[in-house]
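A.B. asks: Following this message is one structure expressed as structure tokens.
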Amino acid sequence: MKLTIPDNYQPTLTIRDTEAAIVFIRERFQEILAQKLNLQRMSAPMFVEQSTGLNDNLNGVERPVAFDAKDLPQDDSIEIVHSLAKWKRTALKKYGFGMHEGLYTNMNAIRRDEEVDNFHSIYVDQWDWEKVIDKSERTLETLKAAVNQIFAAIKQIETECAQRYPASTYHLPDKVCFVTTQELEDRWPELSPEERENKIAQKDGAAFIMQIGGDLNRSGQPHDGRAPDYDDWQLNGDLTFWYEPLKQKIEISSMGIRVSPESLHEQLQQRGCLEREELPYHQMLLKGELPYTIGGGIGQSRLCMLLLAKAHIGEVQASVWPKEMVKDCLDHNIQIL
């Protein structure tokens with residue numbers, strides 16, 4: 499458990515006004531996002547069968563919440579999703595989405611091994627989105643264009659939020675900088691990846707940190723973990739903002755151009771898990787049966803926390819927290835829901 503307590507924190511909204519602001523941000527932002535990226539709202543599963551290979555493996559060590567069901571095969575666990583990264587790509591094919599069309603959905607997950615702090619909860623809620631692109635569009639230019647569209651959507655909801663809650667809206671920078679993880683390592687080799695992200699976020703206000711998952715040249719280690727079977731590690735990244743109330747960066751979105759058959763095989767090989775190629779999802783991808791796509795997730799509670807200048811994600815999300823964390827928060831005017 500980690501907890502940062504800001505100096506002299508005083509909420510500017512009551513809990514009921516905070517809840518009203520959350521409803522406004524969530525409902526309005528998804529409308530803006532859908533318009534900018536040409537997305538349609540779709541229903542999505544909260545859990546999948548383990549044997550399909552559709553669940554997100556994250557860093558490969560996190561344990562999914564799994565259970566069985568009376569009328570389903572007892573030898574196949576049902577897992578609550580970690581994310582919908584793979585499901586979305588199959589949905590685009592299944593539902594007949596065309597070129598440059600996409601979907602978004604509410605994704606709710608439980609990450610039982612998450613280390614909880616001001617930004618992290620065992621309950622994850624985000625907008626998951628995915629869009630069909632052409633093979634020729636698997637480029638950094640395509641990735642950056644999508645990042646700028648998402649950044650513009652965030653800036654628009656910031657403006658609209660400030661009109662409703664002028665004394666309670668945290669103001670964001672006007673542009674996002676782009677930097678690779680290798681550039682960060684070359685610039686600050688003595689720092690940890692987390693410290694490098696804080697440095698660049700503080701310097702530029704907003705940074706899209708690219709190329710996460712592969713090994714870096716100096717350390718020989720990845721900047722951060724990424725599953726090898728959804729993002730292409732050369733064409734992905736995290737959108738982070740400097741968050742002055744807590745004097746650290748906050749990640750709002752992780753996204754990327756998805757693996758091709760070639761990059762899937764290469765990344766599975768690098769991580770020593772080629773056995774996944776036998777799973778149904780991976781077979782479809784390797785046979786070229788799935789569209790080329792770009793997609794990602796945008797944290798719903800984190801965006802509300804950022805825009806409303808909250809000190810803890812528990813102020814905008816009902817979850818379960820260690821008792822000592824709840825007490826420390828209440829002692830410092832942090833209103834955990």
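For the sequence shown, the working numbering assigns the number 499 to the initial residue and increments by one for each residue that follows.
We put the beta carbon where it would ideally sit given N, CA and C, even for glycine.
#1: Hey, how far is the Cα of residue 656 from the Cα of residue 668?
#2: Which word fits residue 750, buried or exposed, when buried means at least 16 other C-beta atoms lie within 10 angstroms of its C-beta?
#3: In terms of residue numbering, what span does the beta strand (DSSP E) encompassing residue 563 cover?
#4: Mind checking which residues open and close the beta strand (DSSP E) that includes residue 625?
#5: Where do the N-terminal and C-terminal ends of the beta strand (DSSP E) with residue 520 fall, by residue?
#6: Taking only three categories from DSSP, how would you classify residue 702?
#7: Are residue 680 and residue 709 touching if we call contact CB-CB under 8 Å?
#8: Please say whether residue 630 and residue 594 have beta carbons closer to each other than 8 Å?
#9: What does the alpha-carbon distance come out to for the pair residue 469 and residue 760?
#10: Based on the DSSP output, what are the partners of residue 754 in its beta bridges?
#11: DSSP three-state label for residue 779, please.
#12: Tell me, which residues are paired with residue 601 by DSSP?
#13: Between the C-alpha atoms of residue 766 and residue 715, what's the straight-line distance to the nearest angstrom?
#14: Could you pull the DSSP bridge partners for residue 547 from this structure?
#15: Anyone know if the C-beta pair for residue 621 and residue 519 falls short of 8 Å?
#16: With distances taken between CB atoms, is the gap from residue 811 to residue 737 smaller than 8 Å?
#17: Along the chain, where does the alpha helix (DSSP H) containing residue 771 start, and where does it finish?
#18: Should residue 805 and residue 675 be called a contact, given that it needs their Cβ atoms to be closer than 8 Å?
#19: DSSP three-state call for residue 672: helix, strand or coil?
#20: What do you get for residue 770, buried or exposed, if any count of 16 or more other CB atoms within 10 angstroms of its CB means buried?
#21: Pick out whichever of 826, 822, 796 has its Cα sitting closest to the Cα of residue 809.
#22: Taking 6 Å as the limit between beta carbons, can you name the residues of its chain near residue 565, skipping five residues before and five after?
#23: Between residue 730 and residue 723, what straight-line distance do the alpha-carbon atoms span, to the nearest angstrom?
#24: Using 8 Å for Cβ pairs, my map puts residue 830 next to residue 503. What's the rounded Cβ distance?
#25: Would residue 754 pass as a contact of residue 641 if the rule is Cβ separation under 8 Å?
#26: Just to confirm my understanding: we take residue 793, look at its own chain, exclude 5 residues before and 5 after, and list those with CB closer than 8 Å. What are they?
#27: Going along the chain, which residues of its own chain have a beta-carbon closer than 7 Å to the beta-carbon of residue 678, five neighbours each way excluded?
#28: If you follow the alpha helix (DSSP H) that residue 681 is part of, which residue opens it and which one closes it?
C.D. replies: Checking against the coordinates, here is how it stands:
#1: C-alpha separation (whole angstroms): 8 Å.
#2: Flag for residue 750 reads buried.
#3: That residue, residue 563, is in no beta strand (DSSP E); it is neither H nor E in DSSP.
#4: That run of the beta strand (DSSP E) goes 621 to 630.
#5: No beta strand (DSSP E) holds residue 520; the alpha helix (DSSP H) holding it covers 513 to 535.
#6: Note: residue 702 maps to helix in three-state DSSP.
#7: Yes, the Cβ-Cβ distance between residue 680 and residue 709 is below 8 Å.
#8: It is not a contact, given that the beta carbons lie outside the stated cut-off.
#9: As shown, the chain starts at 499 and ends at 835. That puts residue 469 outside it, with no answer to give.
#10: Partner(s): 734, 793.
#11: In the structure shown, the three-state DSSP call for residue 779 is helix.
#12: According to DSSP, residue 601 bridges with 538, 628.
#13: Going by the C-alpha atoms only, they are around 19 Å apart.
#14: Per DSSP, the beta-bridge partners of residue 547 are 576.
#15: In this structure, residue 621 keeps its C-beta atom at 8 Å or more from the C-beta atom of residue 519.
#16: No, the Cβ-Cβ distance between residue 811 and residue 737 is not below 8 Å.
#17: Element bounds for residue 771: n/a, residue is neither H nor E.
#18: No. Outside cutoff.
#19: Residue 672: coil per DSSP, three-state reduction.
#20: Around the beta-carbon of residue 770, fewer than 16 other beta-carbon atoms lie within 10 Å, marking it exposed.
#21: From the listed residues 826, 822, 796, the smallest Cα separation to residue 809 is found for 826.
#22: Taking residue 565 as the centre and dropping the five residues before and after it, the same chain places the C-beta of 576 closer than 6 Å to its C-beta, in chain order.
#23: Going from the Cα of residue 730 to the Cα of residue 723 covers about 13 Å.
#24: Cβ-Cβ separation between residue 830 and residue 503: approximately 5 Å, consistent with a contact (criterion under 8 Å).
#25: Contact flag set, yes.
#26: Exclusion of the five residues before and after residue 793 leaves 583, 586, 587, 600, 626, 627, 628, 629, 753, 754, 756 as the residues of its chain whose Cβ lies within less than 8 Å of its Cβ.
#27: Answer for residue 678: 708, 709, listed in chain order.
#28: Per DSSP, residue 681 is one residue of the alpha helix (DSSP H) stretching across 679 to 685.
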